[in-house]
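Trainee: Numbering (the working numbering), first residue to last: 8 to 290.
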């Protein structure tokens, strides 16, 4: 299988922690990985495939909060690793705690998703559910971590004392396509707290960001203040975005997604720019 045929060349300390991760995973018997296709859960799935072979499976939660390009990436990586991928309908907008969109939204969403996933895992007869949590997550705003504990989900990367940069180094050594991915977050993080989530505002954000991925590339966010869209870019990209003909293309693409006004945030891209604290990243 791709990414499984070679032993990564790593510094001694990191090599020891990588081996500790593989040994820990091998001891589990069987495993369901809560998979998003992000940097962390992708490395976890690759490691679990090495350690457990066909005794690991993965589950991806689908819903209006998840960018479709992340779903596609997750499907492709699971296929390349030869791992069975289950797709579960999260139905987040049926949960009024999530729709309310307050500072605990990430907790409610994680609670919903992990509740469905742990029940599904029990039905399949797999021993354990694991997520891609790593030690640097303790420094982030992660209300969803409470739900991880409540559902008995384990975090093998954190147990192996691996941080975000460690995960990227190992991912590069394995040749994983996720090694250089920027941080990702769900569409709900583009909507200010206190503004209820709806199919309409999530669809606007999704259409605008899909178009800008094609036109602009790189890292950005479209923050929904309908009828206004606030575009966050790294400051180093301001000049390119404001130069014609790119500026006109960006404006038209965002208006075509359902906005009347398009503004560039001079503070630049920052995690959680649509809210008051950093957005919770997908692992």
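Beta carbons are placed, not taken as given, at the ideal position from N, Cα and C, and that holds for glycine.
Please read all numbers here as calculations on a predicted model, not as lab measurements.
#1: Can you tell me the Cα-Cα spacing of residue 179 and residue 31, whole angstroms?
#2: If we count the other Cβ atoms within 10 Å of its Cβ and call it buried at 16 or more, is residue 229 buried or exposed?
#3: If residue 51 sits next to residue 181, beta carbons under 8 Å apart, how far is it from one beta carbon to the other, in whole angstroms?
#4: By DSSP, does residue 266 sit in helix, in strand, or in coil?
#5: Going by beta-carbon coordinates alone, are residue 65 and residue 97 separated by less than 8 Å?
#6: Consult DSSP for residue 24 and reduce its assignment to one of helix, strand or coil.
#7: Could you tell me which of 108, 255, 220 and 261 sits nearest to residue 237, measuring between CA atoms?
#8: How is the alpha helix (DSSP H) around residue 68 delimited, first residue to last?
#9: Can you tell me whether DSSP reads residue 128 as helix, strand or coil?
#10: For the beta strand (DSSP E) containing residue 233, name the first residue and the last one.
#11: Tell me which residue opens and which closes the alpha helix (DSSP H) that residue 104 is part of.
#12: Determine the DSSP secondary structure at residue 91, reduced to helix, strand or coil.
#13: Tell me, to the nearest whole angstrom, how far the beta carbon of residue 143 is from that of residue 21; I am working on the premise that it is less than 8 Å.
#14: May I have the straight-line CA-CA distance separating residue 54 from residue 234, to the nearest angstrom?
#15: Going by DSSP in three states, residue 86 sits in which element: helix, strand or coil?
#16: Checking the sheet assignment: what are the DSSP bridge partners for residue 348?
Mentor: Reading off the structure:
#1: Locating residue 179 in the chain shown gives position 172, counting from the first residue. Locating residue 31 in the chain shown gives position 24, counting from the first residue. Residue 179 and residue 31: Cα-Cα distance of roughly 22 Å.
#2: Against the chain shown, residue 229 aligns to sequence position 222. The residue in question, residue 229, is buried, as its Cβ has 16 or more Cβ neighbours within 10 Å.
#3: Indexing the chain shown from 1 puts residue 51 at position 44. Indexing the chain shown from 1 puts residue 181 at position 174. The Cβ separation is near 12 Å, so there is no contact.
#4: For the purposes of this step, residue 266 is taken as residue 259 along the chain shown, with counting starting at 1. It is coil, neither helix nor strand.
#5: By one-based count along the chain shown, residue 65 stands at place 58. By one-based count along the chain shown, residue 97 stands at place 90. Not in contact: residue 65 and residue 97 (Cβ atoms no closer than 8 Å).
#6: The residue labelled residue 24 in the question sits at position 17 within the chain shown. In this structure, residue 24 counts as helix in the three-state DSSP scheme.
#7: Residue numbering aside, residue 237 sits at position 230 when the chain shown is read from its first letter. Per the Cα distances, 261.
#8: One-based indexing of the chain shown puts residue 68 at position 61. From DSSP, residue 68 is part of no alpha helix (DSSP H) but of the beta strand (DSSP E) over 63 to 69.
#9: Residue mapping note: residue 128 aligns to position 121 of the chain shown, counting from 1. DSSP places residue 128 in helix when its eight states are reduced to three.
#10: Taking the first residue of the chain shown as 1, we reach residue 233 at position 226. Run containing residue 233: none; DSSP gives neither H nor E here.
#11: Taking the chain shown and counting its residues from 1, one reaches residue 104 at position 97. Note, residue 104: alpha helix (DSSP H), 103 to 106.
#12: In the chain shown, residue 91 corresponds to position 84, counting from 1. Residue state, collapsed to three classes: coil.
#13: Residue mapping note: residue 143 aligns to position 136 of the chain shown, counting from 1. Residue mapping note: residue 21 aligns to position 14 of the chain shown, counting from 1. Actually they do not touch by this definition, with Cβ atoms about 15 Å apart.
#14: Position 47 of the chain shown, counted from the first residue, corresponds to residue 54. Position 227 of the chain shown, counted from the first residue, corresponds to residue 234. Rounded to the nearest angstrom, the two C-alpha atoms are 45 Å apart.
#15: Along the chain shown, one-based indexing puts residue 86 at 79. Correct three-state label for residue 86: helix.
#16: Not covered by the structure: residue 348. The range shown for the chain is 8 to 290.
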